[in-house]
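For reference, the structure discussed in these notes is given below.
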Amino acid sequence: MNIYPPSALISIAEKYLNDKIEQAQPLTQGDVSETFHIITKNKKNYVIKNGASPQSEGKMLKFLASNGIDVPKVILANSEILILERIKETNSFSLETWSNLGKMLTKLHNIHNSNYGWEDNYAFGTINVINTPSSSWVKFWGEWRLACYLSHLPVTTAKKIEHLIIKLDDFLPDHPIASLLHGDLWTGNILAHYNQPYLIDPACYYGHNEVDIAMLNLFGNPYDIFYQSYNLLEKGWQKRLAIYQIFPLIIHYILFGNYYLRMLNKILDDLKL
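Under our numbering, the letters of the sequence shown match residues 5 to 277, in that order.
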């Protein structure tokens, strides 16, 4: 993973854009990535970003766009930098935005595949995410979203997850439709532009559509109108959300610390494994 100092990232952007950057406003800074809104001498607006997988992220954004999903246009994506069209946020999440998000996710999740997983692996910061294709959803989730991270966890938490993996087919369907997922769908990765949502920071793979819904509920609560326009949920979906929230909480704990471990342990305790 390459996290450059702001001055170095700006110099890399100037090299590829062949334009002087006159203003650079931080959007995010930290251990996972550096992201800036820049304005060039020629008055062009872009977002520049580096981090774990800029080339992979650019590829995913292009794939989403080719399937009619609203995302920022990719200007350049390589191993050093991701340069994107800037989407200006014009309002907070309105009822219309939530409704449009439901319609967009219906379109996204109606893109299907024969297997679960993705053609590439990528990373959240320093944490590798393995996407080896599988014909079994329970096997994929148990192996590549739970078991492979047990060594990063306290022993008591890891044992609880081991017990869950043994019983995972009691909680999850083995062959749900393999839908295209955003993979990191919380409201911080959705831009509202005149009530139209744009998706950013994807971590795509094919899997159970409820994974995205679980992430959307982990750090917020979609309005009721979202569920009125998103029509792909099946019986029992609310009970499965907790299972799908374990993976992002593991990643957040590894990257950001004990606050997320407490959230993780509460979910595991509530499951009464």
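Beta carbons: idealized from backbone N, C-alpha and C, even for Gly.
N-terminal and C-terminal residue of the beta strand (DSSP E) that residue i is part of
i	result
leucine 185	182-185
leucine 88	86-89
isoleucine 42	37-44
isoleucine 79	78-81
threonine 157	This sequence places leucine at residue 157; threonine is not what is there. Premise fails: leucine 157 is in no beta strand (DSSP E) and is neither H nor E.
isoleucine 52	49-55
phenylalanine 128	126-128
Separation of residue j from residue i, as counted between CA atoms
i	j	result
isoleucine 134	alanine 151	11 Å
lysine 243	valine 142	16 Å
alanine 28	aspartate 205	20 Å
proline 4	threonine 39	Past the edges of the chain, shown from 5 to 277, lies residue 4, and the structure says nothing about it.
leucine 105	threonine 191	11 Å
histidine 179	aspartate 173	10 Å
tyrosine 20	leucine 189	30 Å
glutamate 93	tyrosine 50	13 Å
serine 140	tyrosine 120	7 Å
alanine 218	leucine 237	11 Å
Under 9 Å between C-beta atoms of residue i and residue j
i	j	result
proline 58	tyrosine 202	no
serine 183	glycine 211	yes
leucine 157	isoleucine 254	yes
tyrosine 209	tryptophan 122	yes
isoleucine 91	isoleucine 52	no
N- and C-terminal bounds of the alpha helix (DSSP H) containing residue i
i	result
phenylalanine 260	241-260
isoleucine 131	First-last for isoleucine 131: 131-133, but that is the beta strand (DSSP E), not the alpha helix (DSSP H).
tyrosine 231	228-233
tyrosine 20	10-21
Burial state of residue i (16 or more Cβ within 10 Å)
i	result
valine 159	exposed
serine 155	exposed
isoleucine 170	exposed
aspartate 216	buried
Cβ-based neighbour list, residue i, same chain, cut-off 6 Å, excluding 5 preceding and 5 following
i	result
serine 60	Asp124 and Tyr126
asparagine 193	Ile204 and Asp205
Sequence-distant residues of its chain with Cβ nearer than 7 Å to residue i (five each side left out)
i	result
histidine 116	Ile181, Ala182 and Ser183
alanine 17	Ile25, Ile42, Ile52, Ile85 and Ile87
glycine 62	Val78, Ala81 and Leu86
CB contact check: residue i to chain B, cutoff 9 Å
i	result
glycine 192	No chain B is part of this structure, which consists of one protein chain only.
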